[in-house]
Structure formats: structure tokens, C-alpha cells
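Since the structure comes first, as C-alpha cells, the remarks are kept for the end.
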Amino acid sequence: MSPTPTAPRTPDDEGGLAARLPRRISPLTRRLAIASLASEIGIIVTGGAVRLTGSGLGCPTWPRCTPESITNTPEMGIHGIIEFGNRTLTFVLVIIAAAMFLTLWNLRRTHRSLFWMSVGLLAGIPAQAVVGGITVLTQLNPWVVALHFIVSAVMVAVATLMVIRVNAELRAEEPGAPVVDGRTTPVTRAAGWAVFALTWVVVYLGTVVTGTGPHGGDPGAPRHAFDPLLVTRVHALPVYLILATTLVLLFTVHGAAGASTRQRGAVLRLLAILVVQAGIGYTQHFTGLPVGLVILHLLGSALLVAAATEVWDRQRSRYLTHGTDPFGVISPSADGPSATHAAAPAGRR
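See below:
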């Protein structure tokens, strides 16, 4: 005699707070995922504004703003306001990340990858705070400043994956639908990897250029001793390679009969961001690095990471949807088709 199938544990079985939290993927989940991505991009831009206004040491110590005060003081002037304001924005990220974590808590067994992405985004905030503190304590050492940016860029990539997957869940509404929803080829898959890898090379080399340039966050901040023209040219080289790879993707994906509109759209967005970003980069270089253009270039860097992550995901992802309502399909009868469907494996994660 075969054993009776066991229904998955539900939030109601746990009681307490879990019973009050969401138990399905909903438009609220999508809004929080988008807010996560927007806030991660936003903190890159505001952090850049701190550096570009010379306010990097507006709060000269950490975790307090001064040895005696958690907040900035009137004597610290505008630089103290800017730096402390940027620190305060961290709490906005905490609220959004915590809300995302709680929204996915009841789905931690059925949608494990989404849940662990929310954990990563939440854990990344104190990690960033620590790196930011080291940045201040090392008097804005450019290598530490670069690490601060790289960690933020990684969080942008994770938030981008979360947005893609939540949207896929809401579109499919049933388990088993792939994120890679169109035909791929060895060329497009290899190009997807190349774009993603080259993007991180460009981003890292961009931090070296920044650490060599004049905007150190404080007049006394240390700078790299590299030749500015040389590091700029080295930074530009992988940009040409990304552009060439993206053009290969453009012709192969748009020429493939089975490619999806989302795959094609991802490549077009990447190409548009690359062209605009390259234009801003060259213009700021030949016009003496005006602050406004540098901020736009920072924004472009974050958007480039997001776009390259989407292109990679549309070509290489193994993610299959797990269903928007994993607990709502459970039947009171353990032998019924609904119970069987609910207990079935959710697919690759």
C-alpha cells in the first residue's frame, strides 16, 4: 500500500507573525522588487554626489558623525549635512529590504532563490555600512572607495534578478515557466556571458579611473598615482569589446526565429545604455570632468550593470517559475489532483 502524500507545510501551520504575512507572489511583491532595484541604484547616485561635492569626510568618523554626536552638527556646515543625509538614506534601504524579506518569508521553501536574494539584499546593507565606515576611517582611500561601489553594483545585479524573476512568476501564474522564454544558440549564450563579464571589468576599471581623477571626496583625500590618460584608455578598451559583443547579440537575437520579445528588448536596452554611457564618458573626459556629467556617468554605470545582468539572465538563466500561489492550490483531500500538484517539485531553482 503506497503512503499517503503529505501536503507542504503552510503559513497557517506556523502561526504567529508568519500567518499574517503574504503567502503568494503579488503585485506588492513586484513593487517591492522594483523599489529594491531603484533604491540600490539611488544610493550609488547619492554616494557619488557626496564624493563630487567634497563631502566624503563631512562626517569625519564612523559610526558616529563626530566623536561626540551621532548626527551632524551646525558647525560642520553643508558637507556634514550632505554626508549625514546620505548615511540616513541607508534606513530607506533597510525598510525596503526588510519589507521584501517579510513578503517572501512564507515562500522561503517554495521560492528559495527569491527568498535568498531578499536575504542577500538585506545582509548587504550592514556590509555596505561597514565598508563605508572603513572608507571614512581610511580618509577615503581610493581602493576602499572602489570596493564600496563594487558592493553596491553587486546589489544592483541581485535586485535586477529579483525583478526579472518576480515578473516571470506574475506572468506565468503556474509553475514551470522559464525566464529564458525564447530560443538561444551557442553564440547568444556565449555572448551573454561575455557581456556580463566584460561589464564587471569595465565597472572595476572605472573605479580606478575615478580614484586617479580629481573628485576624491575631500581636498586631502589620497589619489592613485597612475597616469590619468593611460587608465582612461585602459578603461575604454573593454567598452569597445562590450559594444562589439552587444552588436553580435543584436544581429543574432533579432535574426533568430524563436527569440522572444523580452530577449530582444534586453539587448536593445543594453545597446542604448552603452551608447549613451560612452557618449557621456567621452564628453566628461574632454570637458574636464564636470560634476553633472560625472553623476550621470555614475547613474549610467548602475544602469549598465542592470542591463547586462538582464541580457545574461535572458540567455543563460535556469530559473523556472514556482507559481504565484503555492498554498492556494492545496485540496482538503490528500488524494485529489490539487494536492498532487501542490506537492510536486517546483523545478530548478
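Using this note's numbering, you'd call the opening residue of the sequence shown number 397 and step up by one each time. We put the beta carbon where it would ideally sit given N, CA and C, even for glycine.
Give the DSSP-derived three-state secondary structure of residue i in the structure shown.
i: Pro574; result: strand
i: Leu453; result: coil
i: Leu716; result: strand
i: Phe487; result: helix
i: Ala655; result: coil
i: Glu464; result: coil
i: Trp458; result: coil
i: Thr683; result: coil
i: Thr425; result: helix
i: Asp623; result: coil
i: Ala617; result: coil
i: Gly481; result: helix
i: His650; result: helix
i: His475; result: helix
i: His631; result: helix
i: His611; result: coil
Can you name, in chain order, every residue of its own chain whose Cβ lies under 7 Å from the Cβ of residue i, other than the five neighbours on each side?
i: Val649; result: Thr584, Ala655, Gln659, Arg660 and Val663
i: Val513; result: According to the sequence displayed, residue 513 carries Met and not Val. Cβ within range, chain order: Val554, Leu557 and Met558.
i: Ala525; result: Thr486
i: Ile492; result: Leu428, Ala431, Ser432 and Ser435
i: Ala523; result: Val547
i: Leu489; result: Ser435, Ile439 and Ile521
i: Ala495; result: Leu428
i: Ile638; result: Val591, Leu594, Thr595, Val598 and Leu670
i: Leu694; result: Ile440, Val441 and Gly444
Can you find the residues in the same chain that come closer than 6 Å, C-beta to C-beta, to residue i, ignoring five residues on each side of it along the sequence?
i: Thr641; result: Ala587, Ala590 and Val591
i: Val541; result: Thr531
i: Pro418; result: Thr499
i: His507; result: His718
What is the C-beta distance between residue i and residue j, in whole angstroms, given that I count them as a contact (C-beta under 8 Å)?
i: Glu479; j: Ser451; result: 5 Å
i: His757; j: Val598; result: One cannot answer for residue 757 here, as it falls past the ends of the chain, which runs 397 to 745.
i: Arg566; j: Pro722; result: Sequence check: residue 566 is Leu here, not Arg. With 8 Å as the limit, Leu566 and Pro722 do not qualify as a contact, their Cβ atoms being about 14 Å apart.
i: Arg665; j: Val576; result: About 17 Å separates the two Cβ atoms, so there is no contact after all.
i: Val562; j: Leu510; result: 7 Å
Leaving out the 5 sequence neighbours to the left and right, which residues in its chain are closer than 8 Å to residue i when beta-carbon positions are compared?
i: Gly412; result: none
i: Thr467; result: Cys461 and Phe480
Handout entry: Cβ pair count under 8 Å reaching 3, the segment 703-717 against the segment 439-458
Key = no
Exercise for the section: With a floor of 3 residues, list each beta strand (DSSP E) that falls wholly inside the segment 516-596, ordered by position along the chain. Expected result: none
Practice task
Could you tell me whether the segment 683-690 touches the segment 708-720, using the rule of 3 or more Cβ pairs below 8 Å?
Solution key: no
Problem - Given 8 Å, three or more beta-carbon pairs between the segment 610-624 and the segment 668-679 - result: no
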